[in-house]
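Colleague: Okay, here's the structure, questions in a sec.
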Amino acid sequence: MLTRYDELLCHQTVETFDSVATSAREWTERIWFSAHDTSGEYQLIAGFGHYPNRNIMDAFVCFVIGGKTQYCVRASRVLRPGFDHVRVGPISYEVVEPLKRLRLSIAENDHGLSGEIDFIAAMPPHEEDAQFNRTRGRVLEHVKRYIQVGRPSGWISACGKRVTVDGETWRAERDHS
Numbered sequence: 134m135l136t137r138y139d140e141l142l143c144h145q146t147v148e149t150f151d152s153v154a155t156s157a158r159e160w161t162e163r164i165w166f167s168a169h170d171t172s173g174e175y176q177l178i179a180g181f182g183h184y185p186n187r188n189i190m191d192a193f194v195c196f197v198i199g200g201k202t203q204y205c206v207r208a209s210r211v212l213r214p215g216f217d218h219v220r221v222g223p224i225s226y227e228v229v230e231p232l233k234r235l236r237l238s239i240a241e242n243d244h245g246l247s248g249e250i251d252f253i254a255a256m257p258p259h260e261e262d263a264q265f266n267r268t269r270g271r272v273l274e275h276v277k278r279y280i281q282v283g284r285p286s287g288w289i290s291a292c293g294k295r296v297t298v299d300g301e302t303w304r305a306e307r308d309h310s
């Protein structure tokens with residue numbers, strides 16, 4: 134299936150971008166994002182999983198207030214035909230400026246958690262060494278990731294309580310594997 138990414142001159146296999154170079158059912162690509170205020174009162178964690186060989190994309194957002202109250206949204210969807218956008222239920226992820234600015238959005242939903250937070254890089258991403266694990270001739274893991282720290286900006290609302298997220302009093306981290 135052709136996607137908008139197939140217009141770009143960056144293919145690394147002869148396949149279209151909706152296919153990966155292995156038929157392994159376990160093949161996964163993930164995005165993880167965390168933000169917290171420096172007082173320790175608020176923490177936000179979000180992630181997306183992309184499973185092309187299972188035709189699934191899932192996402193979650195968890196917001197903790199005071200280390201006691203937790204609000205969560207989890208969602209899953211069929212990957213195709215919407216392969217070329219990172220949106221699962223009310224949760225979406227947008228690359229505003231590659232490797233510099235990203236946006237996490239949580240639309241209004243039945244769980245009472247919503248918001249829009251931009252990740253603004255504080256430094257270039259750090260590319261980690263690949264991790265490789267083989268047992269009895271079968272590759273169990275072949276993962277490469279990059280991590281990055283930044284400053285978040287935006288807002289989050291949990292059951293009507295709106296919290297401003299600013300880069301002066303909040304920190305953020307992300308991982309892409």
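Numbered according to this note's numbering, the sequence shown spans residues 134 to 310. Note that the Cβ used here is the ideal one computed from N, Cα and C, for glycine as well. Keep in mind that this is a model prediction, so the values were computed, not measured.
1. E174: which of D308, S310 and W303 sits nearest, CA to CA?
2. Can you check which of these residues, A254, K201, V229 and I189, is closest to R213 by C-alpha distance?
3. Going along the chain, which residues of its own chain have a beta-carbon closer than 7 Å to the beta-carbon of H309, five neighbours each way excluded?
4. Between R187 and the rest of its own chain, which residues show a CB-CB distance below 7 Å, the 5 nearest in sequence each way excluded?
5. Between the region 148-155 and the region 289-296, do three or more beta carbon pairs fall short of 8 Å?
6. Among all the DSSP beta bridges, which residues are the ones paired with K294?
7. Output the distance between the C-alpha atoms of A154 and F252, rounded to the nearest integer angstrom.
8. Note down, in chain order, each residue of its chain lying with its Cβ closer than 6 Å to the Cβ of H183, except the 5 sequence neighbours on either side.
9. What does DSSP give as the partner residues of E260 in its beta bridges?
10. For chain C, is any of its Cβ atoms less than 7 Å away from the one on F181?
11. Please list the terminal residues of the continuous beta strand (DSSP E) segment that includes T202.
12. Among L135, S152 and W160, which residue has its Cα nearest to the Cα of V272?
13. In this structure, does DSSP put R304 in helix, strand or coil?
14. Taking only three categories from DSSP, how would you classify D191?
15. Under 6 Å Cβ to Cβ from G222, same chain only, skipping five residues before and after it: list those, please.
16. Mapping the DSSP letters down to three states, classify D170 as helix, strand or coil.
17. Considering Cα atoms alone, identify which of G215, R284, E227 and H169 is closest to G200.
Modeller: On the basis of the data shown:
1. Among D308, S310 and W303, the Cα nearest to that of E174 belongs to W303.
2. Of A254, K201, V229 and I189, the smallest CA-CA separation from R213 is found for I189.
3. I164, R278 and Y279.
4. R158
5. no
6. A291
7. Here the alpha carbons of F252 and A154 stand approximately 30 Å from one another.
8. Counting only Cβ-Cβ distances below 6 Å, and skipping sequence neighbours, we find E162 and M190.
9. Y279
10. Reference to chain C is not applicable here, since this structure consists of a single protein chain.
11. T202 to V211
12. W160
13. strand
14. strand
15. A208
16. strand
17. Residue H169 is the option with its Cα nearest to G200.
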